[in-house]
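*Asks:* Dumping the structure here so I can ask a few things about it.
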Amino acid sequence: MLSVEKLSCIRDERVLFDDLSFTVESGELVQIEGHNGAGKTTLLRIIAGLGNTDEGRVCWNQEDILSAREEYHQELLFLGHQTGVKRELTAFENLAFFQAMHTEVGESPLGGSAQVFGDDALWQALAHVGLAGREDVPAGQLSAGQQRRVALARLWISNHRLWVLDEPLTAIDKQGVRVLERLFLAHAQRGGIVLLTTHQDMFTDSDQLRKIKLGQ
Ligand SMILES: Nc1ncnc2c1ncn2[C@@H]1O[C@H](COP(=O)(O)OP(=O)(O)OP(=O)(O)O)[C@@H](O)[C@H]1O
Numbered sequence: 001m002l003s004v005e006k007l008s009c010i011r012d013e014r015v016l017f018d019d020l021s022f023t024v025e026s027g028e029l030v031q032i033e034g035h036n037g038a039g040k041t042t043l044l045r046i047i048a049g050l051g052n053t054d055e056g057r058v059c060w061n062q063e064d065i066l067s068a069r070e071e072y073h074q075e076l077l078f079l080g081h082q083t084g085v086k087r088e089l090t091a092f093e094n095l096a097f098f099q100a101m102h103t104e105v106g107e108s109p110l111g112g113s114a115q116v117f118g119d120d121a122l123w124q125a126l127a128h129v130g131l132a133g134r135e136d137v138p139a140g141q142l143s144a145g146q147q148r149r150v151a152l153a154r155l156w157i158s159n160h161r162l163w164v165l166d167e168p169l170t171a172i173d174k175q176g177v178r179v180l181e182r183l184f185l186a187h188a189q190r191g192g193i194v195l196l197t198t199h200q201d202m203f204t205d206s207d208q209l210r211k212i213k214l215g216q
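Per the UniProt record's numbering, the very first residue in the sequence shown carries number 1; after that it's consecutive.
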């Protein structure tokens, strides 16, 4: 369970949020919404352990993420505006690199042994994001939208329980959004959590996505 406890954040002498508290349980899909500049990215970065708060704390399974940093980062996949895609590696090599970095020997946070995905799964992940036929192109030669898709392909080979995704739908077409919706639902059904921001519509069935509004 993720809990945000009495968070306050001031940037540029402006209060972005004050005394903000909420919890997210296993199996939930949650969208942080708000206008441009409301503080969505700031909040997600704090939740990912990358930003400072003025007050309050973030806990994962009742432990402050700043004191249980290592365990938390084994369960967290954060996708921010900077995708971390390596320009000199091909799309396929980027996924192989991600897998090598994130597959710990031992137990998966999602239960059972940490799954090591074979080459087929990596090819398939790239196909899911519409990059079939572009697997061997250096990422630096792909468009910005295609590089973003390489980053999103990591979700298909992720053992992490908590996905924190800042604008994952940027440059993704409607069909791509439907594919991601199905992936997010499957992740929630196996006990995962998705916390995201987006300015696009997703999940026509509003029961599937809980919304938390900033800047009311
Ligand atoms: N490091 C920083 N120093 C000063 N101000 C900052 C910093 N980071 C963010 N801000 C300010 O905080 C406010 C919130 O920014 P943030 O990126 O969190 O908004 P957002 O809700 O994600 O916006 P958008 O929908 O446009 O992506 C903005 O006014 C921004 O200028």
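All residues carry an ideal CB built from backbone N, CA and C; glycine is no exception. Keep in mind that this is a model prediction, so the values were computed, not measured.
Any chance the CB of A38 is under 6 Å from a heavy atom of ligand 1?
*Replies:* Position 38 of the sequence shown holds residue 38. A38: yes, Cβ under 6 Å from ligand 1.
*Asks:* So which of Q147, L152, D166 and D19 has the shortest CA-CA distance to H128?
*Replies:* Looking up residue 128 in the sequence shown gives position 128. Answer by Cα proximity: L152.
*Asks:* Tell me, which residues are paired with Q175 by DSSP?
*Replies:* Position 175 of the sequence shown holds residue 175. DSSP, once it has assigned bridges, lists no residue as partnering Q175.
*Asks:* Return helix, strand or coil for D136, following the three-state DSSP convention.
*Replies:* Residue numbering aside, residue 136 sits at position 136 when the sequence shown is read from its first letter. Looking at D136 - three-state DSSP - the assignment turns out to be coil, as it is neither helix nor strand.
*Asks:* Is T41 a contact residue of ligand 1, with contact defined as CB to any heavy atom under 6 Å?
*Replies:* Here residue 41 refers to the residue found at position 41 of the sequence shown. Result yes, Cβ under 6 Å from ligand 1.
*Asks:* Can you give me the C-alpha to C-alpha distance between V105 and V15, rounded to a whole angstrom?
*Replies:* Translated into positions along the sequence shown, residue 105 becomes position 105. Translated into positions along the sequence shown, residue 15 becomes position 15. Model confidence at V105 stands at a pLDDT of 47, short of 50, so the residue's coordinates are unreliable; what they give is reported in the following sentence. Approximately 43 Å between the Cα atoms of the pair.
*Asks:* Once DSSP output is grouped into helix, strand and coil, what is the label at G106?
*Replies:* Position 106 of the sequence shown, counted from the first residue, corresponds to residue 106. Residue confidence is low: G106 scores 48 on pLDDT, short of 50, so the model does not pin down where it sits. Its coordinate-derived value is still stated next. Correct three-state label for G106: coil.
*Asks:* Let me check understanding here. Comparing Cα to Cα, which of D166, H160 and R210 lies closest to H187?
*Replies:* Within the sequence shown, numbered from 1, the residue matching residue 187 stands at position 187. H187 has its Cα closest to that of H160, out of D166, H160 and R210.
*Asks:* With C-beta atoms as the reference, is L7 less than 7 Å away from V24?
*Replies:* Along the sequence shown, read from residue 1 onward, the residue named residue 7 stands at position 7. Along the sequence shown, read from residue 1 onward, the residue named residue 24 stands at position 24. Against a cut-off of 7 Å, the Cβ pair of V24 and L7 comes out as no contact.
*Asks:* Could you pull the DSSP bridge partners for W163 from this structure?
*Replies:* Counting from one through the sequence shown, the residue named residue 163 turns up at place 163. L77 and V194, per the DSSP bridge assignment.
*Asks:* Just to confirm, does R11 get its C-beta within under 6 Å of one of the non-hydrogen atoms of ligand 1?
*Replies:* Mapped onto the sequence shown, residue 11 falls at position 11. At least one heavy atom of ligand 1 is nearer than 6 Å to the Cβ of R11, so yes.
*Asks:* Can you give the Cα-Cα distance for V194 and R134, rounded to whole angstroms?
*Replies:* As a position in the sequence shown, residue 194 is number 194, starting the count at 1. As a position in the sequence shown, residue 134 is number 134, starting the count at 1. Distance between the alpha carbons of V194 and R134: 28 Å.
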